[in-house]
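Residue numbers (this note's numbering): 349 to 429.
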């Protein structure tokens with residue numbers, strides 16, 4: 349059964365995706381990792397391990413299973429010195 353999630357993009361991720369927020373319809377249950385690989389790559393091509401993910405304002409690991417109505421925040425890697 350299809351379900352919708354809202355994805356929030358920050359920093360250069362928002363620039364690459366040309367938006368700060370987008371709704372996606374998922375045809376099946378996906379983990380954060382599967383969603384990232386199927387919907388966001390190659391626009392966001394940095395290694396998955398460098399990103400942080402939050403679902404409904406709670407930090408999650410890439411194996412978290414997305415549910416209908418979830419709000420996924422995609423936080424890009426930070427660099428600096």
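The beta carbon of each residue, even a glycine, is placed where N, CA and C say it ideally should be.
Remember, predicted model here, so these are calculated numbers, not experimental data.
Beta-carbon proximity of residue i to residue j, cut-off 8 Å
i	j	result
residue 360	residue 424	yes
residue 357	residue 367	yes
residue 374	residue 350	yes
residue 364	residue 392	yes
Residue i, buried or exposed, once every other Cβ within 10 Å from all chains shown has been counted against 16
i	result
residue 355	buried
residue 421	buried
residue 426	exposed
residue 418	buried
Neighbour flag for residue i against chain B, beta carbons, 8 Å
i	result
residue 377	Among the protein chains of the structure shown there is no chain B, as only one such chain exists.
Endpoints, beta strand (DSSP E) assigned at residue i
i	result
residue 302	The chain is shown only over 349 to 429; residue 302 falls outside these bounds and no answer can be derived.
residue 408	406 to 408
Alpha-carbon to alpha-carbon, residue j and residue i
i	j	result
residue 414	residue 377	6 Å
What residue ranges within the region 350 to 402 form continuous alpha helix (DSSP H) runs of no fewer than 4 residues, ordered along the chain? 360 to 365 and 380 to 383
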